[in-house]
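Engineer: Before I ask anything, let me first share the structure, which is written out below as structure tokens.
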Amino acid sequence: MWRSWANMSALNRASEEPKYDVFQAIADPTRRGVLRLLGERELPVNAISSHFPMTRTAVSKHLRILAEAGLVKERKVGRETRYRLDADPLRELKSWLAFYERFWENKLDALRRYVEADEGDNE
Numbered sequence: 001m002w003r004s005w006a007n008m009s010a011l012n013r014a015s016e017e018p019k020y021d022v023f024q025a026i027a028d029p030t031r032r033g034v035l036r037l038l039g040e041r042e043l044p045v046n047a048i049s050s051h052f053p054m055t056r057t058a059v060s061k062h063l064r065i066l067a068e069a070g071l072v073k074e075r076k077v078g079r080e081t082r083y084r085l086d087a088d089p090l091r092e093l094k095s096w097l098a099f100y101e102r103f104w105e106n107k108l109d110a111l112r113r114y115v116e117a118d119e120g121d122n123e
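To convert, note that position 96 of the sequence shown is 96 in the UniProt record's numbering; the numbers rise steadily by one, no gaps.
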């Protein structure tokens, strides 16, 4: 069966998009721990797995999710694969969070002013 060029193009675009987004990737405490380790230095999977009470296979699954979210890069050194943190996606997350930090600071400031004004009226 032949697929149209438009369908094939859509399939190619879908395969290029990450399967996991940054929020999904960092939702798991183990993956956050892996990122913390990789923020210090590049490590192979056996060195990473020594820090967690799970198998290397389980750690590899976490690394795959982090890589699919763009948070981890890998490179081959001989027969070994080493992993390192790529913090670029976290910068985008930081700017997103900064917006909400300002939003809540403004709301809390308004609440503080309201409470202080109400206390002044009751005196």
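Where is the CB? At the ideal position from N, CA and C, for every residue including glycine. Bear in mind that the values here come from a model prediction, so they are computed numbers and not experimental data.
Measuring straight from C-alpha to C-alpha, what distance separates residue 37 and residue 107?
Structural biologist: Indexing the sequence shown from 1 puts residue 37 at position 37. Indexing the sequence shown from 1 puts residue 107 at position 107. So the alpha carbons of these two residues sit roughly 36 Å apart.
Engineer: Within 10 angstroms of its Cβ, does residue 111 collect 16 or more other Cβ (buried), or is it exposed?
Structural biologist: In the sequence shown, the residue the question calls residue 111 occupies position 111. Exposed, because fewer than 16 other Cβ atoms sit within 10 Å of the Cβ of residue 111.
Engineer: Give every residue of the same chain whose Cβ lies closer than 6 Å to the Cβ of residue 87, excluding the five residues on either side of it in the sequence, and list them in chain order.
Structural biologist: If you number the sequence shown from 1, residue 87 lands on position 87. Answer for residue 87: no residue qualifies.
Engineer: So for residue 100, helix, strand or coil by DSSP?
Structural biologist: Taking the first residue of the sequence shown as 1, we reach residue 100 at position 100. Correct three-state label for residue 100: helix.
Engineer: On the three-state DSSP scale, how would you describe residue 76?
Structural biologist: To locate residue 76, count along the sequence shown from 1; it is residue 76. Strand, per DSSP.
Engineer: Could you give the distance in angstroms between the alpha-carbon of residue 32 and the alpha-carbon of residue 90?
Structural biologist: Numbered from its first residue, the sequence shown carries residue 32 at position 32. Numbered from its first residue, the sequence shown carries residue 90 at position 90. When rounded, the distance between both Cα atoms is 12 Å.
Engineer: Tell me which residues share the same chain as residue 25 and place their Cβ nearer than 7 Å to its Cβ, disregarding the 5 neighbours each side in the sequence.
Structural biologist: The residue you call residue 25 lines up with position 25 of the sequence shown. Only 31, 65, 66, 69 and 71 meet the Cβ criterion.
Engineer: Smallest Cα separation from residue 22: which of 97, 120, 104 and 54?
Structural biologist: Here residue 22 refers to the residue found at position 22 of the sequence shown. Nearest option by C-alpha distance: 97.
Engineer: Using CA coordinates, which residue listed in 42, 49, 34 and 54 is at the minimum distance from residue 76?
Structural biologist: Residue numbering aside, residue 76 sits at position 76 when the sequence shown is read from its first letter. Among 42, 49, 34 and 54, the Cα nearest to that of residue 76 belongs to 42.
Engineer: Using only the alpha-carbon positions, how far apart do residue 51 and residue 19 sit?
Structural biologist: For the purposes of this step, residue 51 is taken as residue 51 along the sequence shown, with counting starting at 1. For the purposes of this step, residue 19 is taken as residue 19 along the sequence shown, with counting starting at 1. Cα to Cα, residue 51 sits roughly 26 Å from residue 19.
Engineer: Can you find the residues in the same chain that come closer than 6 Å, C-beta to C-beta, to residue 82, ignoring five residues on each side of it along the sequence?
Structural biologist: The residue given as residue 82 occupies position 82 in the sequence shown. The answer, listed in chain order, is 42, 44 and 75.
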